[in-house]
Amino acid sequence: MTTFFLSCLLWLPAVVASPERYQCMNTAQLPKISGAESRNHDIKSRIFERVEIHSISDGDMKLILRGGAMSQERSRNVVVLLVATALFNDMLQLTMLLPIIHTLVSSPPPLGVTSNKEFALGLFFASKDICQMAFAPIASVLTSRTSAHTALISSTIGLGIATFVFAEATTFWQLLLARGTQGAASAAVMCGGLSLIAETHPKKLRGSAIGFAQTGLASGLLCGPLIGGLLFQRMGRRKTFRLASGVVLANALAIVSFMGFSPLERFTVAAFDKLENREHGSLVDSSKRLLSNHDILLATLSTFIIHAVVGVIKPISQVVLDEEFGIPMLKRSFIISIATLSYFFAAPLSGWLSDHMSRSKLLSISLVLMAGSSIFFTLRHFGIWAFYTCVCLVGVSMGIQKSSSQTLVADLVDRHNLGEYSMAYALQDVADSLGLIIGPIVGLHISHIFSPSVGVASLGIFCLLLAPFVLRIQ
26 MTTFFLSCLL
36 WLPAVVASPE
46 RYQCMNTAQL
56 PKISGAESRN
66 HDIKSRIFER
76 VEIHSISDGD
86 MKLILRGGAM
96 SQERSRNVVV
106 LLVATALFND
116 MLQLTMLLPI
126 IHTLVSSPPP
136 LGVTSNKEFA
146 LGLFFASKDI
156 CQMAFAPIAS
166 VLTSRTSAHT
176 ALISSTIGLG
186 IATFVFAEAT
196 TFWQLLLARG
206 TQGAASAAVM
216 CGGLSLIAET
226 HPKKLRGSAI
236 GFAQTGLASG
246 LLCGPLIGGL
256 LFQRMGRRKT
266 FRLASGVVLA
276 NALAIVSFMG
286 FSPLERFTVA
296 AFDKLENREH
306 GSLVDSSKRL
316 LSNHDILLAT
326 LSTFIIHAVV
336 GVIKPISQVV
346 LDEEFGIPML
356 KRSFIISIAT
366 LSYFFAAPLS
376 GWLSDHMSRS
386 KLLSISLVLM
396 AGSSIFFTLR
406 HFGIWAFYTC
416 VCLVGVSMGI
426 QKSSSQTLVA
436 DLVDRHNLGE
446 YSMAYALQDV
456 ADSLGLIIGP
466 IVGLHISHIF
476 SPSVGVASLG
486 IFCLLLAPFV
496 LRIQ
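Read in order, the letters of the sequence shown are residues 26 to 499 in my numbering.
Given below as structure tokens:
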């Protein structure tokens, strides 16, 4: 299905870098420029208006004359589609397990467990976020040392292998290993995919591109439980996950095939200066600059606190809907899907808005909306409508936060010369996973001592307190 979807773009012939559209040449063929002239800003600007860097090896820089504007626009569209498809497959494989895993854990040993099933389930779901958080820095190094394309392809292949292990697993620990591998692959998808968009899209187009890519993630979140449940019921575990792994690996082949459609990274004059001084920097220096930048830390903190609120609302909502409203499991699933639908529509809209207004304002709005969702959660005693509103605001807040923060982070990397995009996105990924780990621990502990309303509201208030500080980001 994925390969067919991508193949529909073959009508974009202008995207292919052919000899008729591009002319390759070596820098040796360029006019000799003196050392003083090479440092002249205007000369560099004129050179880079006409050329793009194709490859660099042993000081030999190869340049490519740019093609037409339509070629660039269409090839960027293919990049966004590739990333959206990778995010879709990633979330599809992660959520396919939701209706299945309880059955697997409840199976006779060694595949299942006979005691502490709740602990086994908790460990299973936590392993994904723990491995994703731990692997994010490694994914950043992989992306910066090789390329965003390489990271994206590697992560997709890893995801396919992990899914195949689910089909062939015979013990619970093998299931746990496969789930952890999914988390590691997710980190590489995020770092590689978002870095690829940031590298190939100028500032004025990044918001819309990242917002559209996030719809792939939302689609996978929507389709995963439904597809997983239906296939498991009709085909069983082995055939279901063999089919799913085949789809993912086909997606990896599609990414390789369509890499020729994606535009080369555009090097600005500032990036050229950074390239000249490349030997003076390192990943360690870049990390230090990144972690000492207050704006980056504020954006990262907003990601952490929003995901912490989501992390505590998810488990508590199931208990509330069951014990307070008496809603059966199937209907509870449909209610929770309201958040996913809201996310699906909010992400591209906020991405478009981020290209037309302040991205820090949008990020502040997402924090206020998440605080509002916690307030409506405490008002659920007035009727189920309050809970519906809470769930809807969670999805809208997440959609706005993802599009605005990921775009804002790329802007900050450019503005403050902080190094690689992948390192900034790895930091965001760590905050994302850490919030989903710490949020439930803290929130559920407070809920146990006081009440679910206090547990959710105590985290939601931090969103409200953080919003004014985020608003100051320029």
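Think of the CB as a built atom: it goes at the ideal place given N, C-alpha and C, for glycine as much as any other residue.
Out of 369, 125, 140, 175, which one is the CA nearest neighbour of residue 200?
Residue 200 sits at position 175 when you count from the first residue of the sequence shown. Nearest C-alpha to residue 200: 125.
In this structure, how does DSSP classify residue 98 when only helix, strand and coil are distinguished?
The residue you call residue 98 lines up with position 73 of the sequence shown. Helix at residue 98.
Determine the burial state of residue 470: buried for a count of at least 16 other Cβ atoms within 10 Å of its Cβ, exposed for fewer.
Locating residue 470 in the sequence shown gives position 445, counting from the first residue. Flag for residue 470 reads exposed.
With a threshold of 16 other CB atoms inside 10 Å of the CB of residue 433, please say whether the residue is buried or exposed.
In the sequence shown, residue 433 corresponds to position 408, counting from 1. Buried: at least 16 other Cβ atoms inside 10 Å.
So does the segment 464-484 actually touch the segment 195-215, counting three or more Cβ pairs closer than 8 Å?
no
For the segment 240-248 and the segment 362-374, state whether three or more C-beta atom pairs, one from each stretch, are separated by less than 8 Å.
yes
Does the distance from the CB of residue 212 to the CB of residue 158 come in under 9 Å?
As a first step, residue 212 must be located in the sequence shown, where it is residue number 187. As a first step, residue 158 must be located in the sequence shown, where it is residue number 133. In this structure, residue 158 lies closer than 9 Å to residue 212 by Cβ.
Ordered along the chain, which non-local residues of its own chain (more than five positions away) have a Cβ less than 7 Å from that of residue 187?
If you number the sequence shown from 1, residue 187 lands on position 162. Excluding residues within five positions, the ones whose Cβ falls inside 7 Å are 203, 206, 207, 210.
What number of angstroms, rounded off, separates the C-alpha of residue 385 from the C-alpha of residue 258?
Counting from one through the sequence shown, the residue named residue 385 turns up at place 360. Counting from one through the sequence shown, the residue named residue 258 turns up at place 233. Roughly 46 Å separates the two Cα atoms.
The alpha helix (DSSP H) that contains residue 431, what's its start and end?
Counting from 1 along the sequence shown, the entry for residue 431 is found at position 406. Element bounds for residue 431: 409-441.
So, with DSSP's three-state summary, where would you put residue 499?
Counting from one through the sequence shown, the residue named residue 499 turns up at place 474. Residue 499 falls in the coil class under three-state DSSP.
Taking the alpha-carbon of residue 396 as reference, which of 142, 415, 264 has the nearest alpha-carbon?
Your numbering for residue 396 matches position 371 in the sequence shown. Nearest C-alpha to residue 396 among 142, 415, 264: 415.
Is residue 277 near residue 178, with beta carbons less than 9 Å apart?
Here residue 277 corresponds to residue number 252 of the sequence shown, with the count starting at 1. Here residue 178 corresponds to residue number 153 of the sequence shown, with the count starting at 1. The answer is yes: Cβ separation under 9 Å.
Taking just the CA atoms, how far does residue 333 sit from residue 463?
Counting from 1 along the sequence shown, the entry for residue 463 is found at position 438. Counting from 1 along the sequence shown, the entry for residue 333 is found at position 308. If I take the Cα positions, the gap works out to 7 Å.
Does the Cβ-Cβ distance between residue 236 and residue 173 come in under 9 Å?
Counting from 1 along the sequence shown, the entry for residue 236 is found at position 211. Counting from 1 along the sequence shown, the entry for residue 173 is found at position 148. Taking 9 Å as the Cβ cut-off, residue 236 and residue 173 do not qualify as a contacting pair.
I want to know whether the segment 423-439 touches the segment 322-336 - three or more CB-CB distances under 8 Å.
yes
Express the C-alpha separation of residue 149 and residue 260 in angstroms, rounding to a whole number.
By 1-based counting over the sequence shown, the position of residue 260 is 235. By 1-based counting over the sequence shown, the position of residue 149 is 124. If you take the alpha carbons of residue 260 and residue 149, they lie about 23 Å apart.
Counting pairs of Cβ atoms below 8 Å between the segment 138-152 and the segment 262-271, do you hit three or more?
no
Report yes if the CB atom of residue 413 is closer than 9 Å to the CB atom of residue 223, and no otherwise.
Sequence index remark: in the sequence shown, residue 413 carries index 388 (1-based). Sequence index remark: in the sequence shown, residue 223 carries index 198 (1-based). No.
Can you tell me whether DSSP reads residue 144 as helix, strand or coil?
Sequence index remark: in the sequence shown, residue 144 carries index 119 (1-based). Note: residue 144 maps to helix in three-state DSSP.
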